[in-house]
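Heads up: the structure comes next, in structure tokens.
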Amino acid sequence: VVRQGAERGSSSRPSFFCHGTIDKNVFLPGGVGHHANGLTKTAGSNTFSNSKPGAAKKLVIKNFKDKPKLPENYTHETWQKLKEAVEAIQNSTSIKYNLEELYQAVENLCSHKISAKLYKQLRAVCEDHIKAQISQFREYPFPYALDSVLFLKKIDKCWQDHCRQMIMIRSIFLFLDRTYVLQNSMLPSIWDMGLELFRFYIISDLKVQSKTIDGILLLIERERSGEAIDRCLLRSLLSMLSDLQIYQDSFEQRFLEETNRLYAVINETHTHTHTHTHTHTHTHTHTHTHTHTHTHTHTHTHTHTHTHTIIEYPVVTGLFCYQVPEYLYHVNKRLEEEADRVITYLDQSTQKPLIATVEKQLLGEHLAATLQKGLTHLLDENRIEDLSLLYQLFSRVRGGVQVLLQQWIEYIKVFGSTIVINPEKDKTMVQELLDFKDKVDHIIDICFMKNEKFVNAMKEAFETFINKRPNKPAELIAKHVDSKLRAGNKEATDEELEKMLDKIMIIFRFIYGKDVFEAFYKKDLAKRLLVGKSASVDAEKSMLSKLKHECGAAFTSKLEGMFKDMELSKDIMMQFKQYQNIPGNIELTVNILTMGYWPTYVPMEVHLPAEMVRLQEIFKTFYLGKHSGRKLQWQSTLGHCVLRAEFKEGRKELQVSLFQTLVLLMFNEGEEFSLDEIKLATGIEDSELRRTLQSLACGKARVLTKVPKSKDIEDGDKFSCNDDFKHKLFRIKINQIQMKETVEEQASTTERVYQDRQYQIDAAIVRIMKMRKTLTHNLLVSEVYNQLKFPVKPADLKKRIESLIDRDYMERDKENPNQYNYVA
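Add 69 to a position in the sequence shown, counting from 1, and you land on the number used in the working numbering.
The following block contains the structure:
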């Protein structure tokens, strides 16, 4: 088996076979051997020199002095025989001679140095045959699309016949191809000679090549318009062009130009109109005209000088005729179709420029328009598959991902701002932010392939919009955490609660006003701890650990101090119970709070019953006896009690605040009291007293009755005990209105944060000036911003600098007013 193409990198063709004996035995066994060159060796003759025992024997071969001469007419007769065989192969008739005989004849001629003449003669015969083929293609009519297919089939048959013939011819002249031709680098192999002749006389003919390329392009155009075509024919023809090494110059360039023009025309046409009328009239004459009007009426007439055809796609529409998802699937379908053409019949070299051309026209020209028209809708509707396809397609185009990234950032900012800015959404703000964050995370993971650029862009966008409304998001995040950690929250298991807190912490990272969060969180934590409303100590400590990890130990030091106070208070109360030995039915529990750890509470002096006062004094004596030098201040606003009450229905236990307790205990002394009488007896501040009475007489559990009946407490109202009070529970918790945060409390908390910030700004400025001694205004402002963990307006910072100058911590430079000096 001889493999063509092994020598000199000739064009690769299928393996072919030669029948006959090629290799010969050098020696024959026995006494006398005959070699192919006529060598005779006598048995027993000593042809080995230095024939010593054990020594290597050397064989000496002597050639004939003169080669045997060929008969006079042998060369001519042999060539005629070979020529007849070649012409029989070319004409597809039977060969008279045995192939082995023909092969031996070629070998004999080559052995007698007739190789050059033989090669020329063979080339001449092949050349004459190929020349004879050209006329049938030049004169072939080509006015119609149907004729173009017939023409292509005829060309393909000619090419296939030529290849088959050259394989057969080479098998006969194989000895010539592998000796003389191989030794002469300037000569093409027999196979390459056949390619050269076919290329020069057939396919390089301008008319034939033009018809061939036009026909191929027309077939591809018809397939693009949805018709079924002979793909095997296309594959064979394009393979021919590739083998003849004219694929890129004659076909690929025109094909890419046609592709570019096609998609450019489609997009330009269909992005300016929504309705289309296609009317095609085919008139067959000997001239070629093409008219294109605004009503899309086309007249096509063709002659043999036709070079290309305007392509119409009945199924194609542009971006603005489609909704964006449909357009994306349309583009993807087109790209898949073009990729399939490369696999099926185009050369691999065409893949990259072809796909790039289609991507540029269908995507590259419409990146911004696609996103502006449909990205918001896709994101709002959470269209995962469509967004995945969008990212996949945009990733294929230069600059596509960057354009998508910018629109992504803008979408997050706009959508997020609608959540944060609108005060009407305050109640649901945090939950909506958490849901929105989950949504964009899912889109990044599934649709955007976890692209780090989109992750970072999302974080920046969240940070931007969430701080458009200073302080409020921080306050509401603290409230949201409180709602999740408060007792009675049965929405989630411990594991789900932990995951929820992790998500809240992610949102927490984006806010600038973390000190605002800390203030409100501390106030809510105090309520949970003091009233025993915390759902889980483990969850509380877990949240504290997360805050510490995020903001540092300084941020959580006071919060941790609050937990320590509660634990110490338990120990102290155990000691107190062992210490006190006073008979009575009142059980006292005291929480001792370190003033620096807990929120600031306005003290309110009220009139306690004598029993309570006595117990307070006993505890005071006990505590100060163990901790001398300390001062106790009772916070009546934080006290709560459990009262036992007798009603007609029976005994009940009421879980109430200290203020509610003072009011209810009055009815042990009388049946009816006015608002003024209760105020005088209890000493409770007016607004607080009204809220307290409202909870007892107007709430769900009405243990008091009010005259006249109304929802609000007015001057002159009178109250009495509701003996007919009924409730299905034994222990009833009466809504503690005073524990609810009022607008004033919110403002007070915010004001305290603002005051704390003033102190931190002052401390930062003094610290910097003490270290640097002298600084310009801009440098000082820059360093202060670097040290502070919360946003500060330039005007507020300037006020703090002026305040420090007034208090002689620093001064303006006398020569340069824009420079400050530290005052020791």
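Here a beta-carbon is modelled for each residue, glycine too, at the ideal position from N, C-alpha and C.
- At a Cβ-Cβ threshold of 7 angstroms, V489 and A543 do not count as neighbours.
- The distance from the Cβ of K717 to that of D793 is about 6 angstroms, consistent with a contact at the 8 angstroms cut-off.
- Counting along the chain, the unbroken beta strand (DSSP E) around H709 starts and ends at 709 to 716.
- Pairwise C-beta distances place the stretch 450 to 464 out of contact with the stretch 414 to 426, as fewer than three of them are shorter than 8 angstroms.
- Looking at R821, E852, N847, the one whose alpha-carbon comes closest to that of A832 is E852.
- Taking all protein chains shown into account, V725 has 16 or more neighbouring C-beta atoms within 10 Å of its C-beta and is therefore buried.
- For L264, the number of other beta carbons within 10 angstroms of its own is at least 16, and it is reported as buried.
- Rounded to whole angstroms, the gap between the alpha carbons of L599 and W667 is 11 angstroms.
- In the DSSP annotation of this structure, T497 is not part of any beta strand (DSSP E), being labelled neither H nor E.
- Counted as a single uninterrupted DSSP element, the stretch harbouring S789 is not any alpha helix (DSSP H) but the beta strand (DSSP E) occupying residues 787 to 790.
- Here the C-alpha atom of Q190 lies approximately 15 angstroms from the C-alpha atom of M235.
- By the criterion of a C-beta distance shorter than 8 angstroms, N160 is surrounded by no residue of its chain, once the five residues flanking it on both sides are discounted.
- The C-beta separation of F645 from F691 comes to about 6 angstroms, placing the pair in contact by the 8 angstroms criterion.
- By the CB criterion at 7 angstroms, K842 and Y891 fall inside the cutoff.
- Excluding residues up to 5 positions away in sequence, M673 lie with their Cβ nearer than 7 angstroms to the Cβ of E754 in the same chain.
- Separation of G768 and N855 (C-alpha to C-alpha, rounded to the nearest whole angstrom) is 52 angstroms.
- Sequence-distant Cβ neighbours of Y590 in its own chain, meaning closer than 7 angstroms and more than five residues away, are A547, V550.
- In this structure, DSSP gives E783 a state outside helix and strand, which the three-state scheme calls coil.
- DSSP places K519 outside any alpha helix (DSSP H), giving it a letter other than H or E.
- Taking the C-beta atoms as reference points, L288 is found nearer than 7 angstroms to L303.
- Assignment of V776 by DSSP, reduced to helix, strand and coil, places it in the strand class.
- Under the three-state reduction of DSSP, M574 is assigned to helix.
- Our two residues, D640 and D634, have alpha carbons roughly 10 angstroms apart in a direct line.
- Within the DSSP bridge table, the entry for E722 names R713, R800 as partners.
- If you look at Y460, you'll find it in the alpha helix (DSSP H) that goes 453 to 463.
- With a 10 Å radius around the Cβ and a threshold of 16 neighbouring Cβ atoms, C301 comes out exposed.
- Between L727 and G708, the gap from beta carbon to beta carbon is short of 7 angstroms.
- When the alpha-carbon of I655 is set against those of T669, V711, F320, the nearest one is in V711.
- A Cβ-Cβ distance of about 35 angstroms is found for the pair Q202 and N329, leaving them out of contact under the 8 angstroms criterion.
- For L844, the enclosing beta strand (DSSP E) has its first and last residue at 843 to 845.
- For R881, the enclosing beta strand (DSSP E) stretches over residues 879 to 881.
- Counting other Cβ atoms within 10 Å of its Cβ, N540 reaches 16 or more and is therefore classed as buried.
- By the Cβ rule, the stretch 459 to 477 does not count as touching the stretch 497 to 505, because fewer than three pairs are nearer than 8 angstroms.
- Excluding five sequence positions before and after Q173, none of the CB atoms of its chain fall closer than 6 angstroms to its own CB.
- Beyond the five residues adjoining it in sequence on each side, T533 comes within less than 7 angstroms, by CB distance, of K482 in the same chain, given in chain order.
- Residue state for R876 is assigned as coil, using DSSP reduced to three classes.
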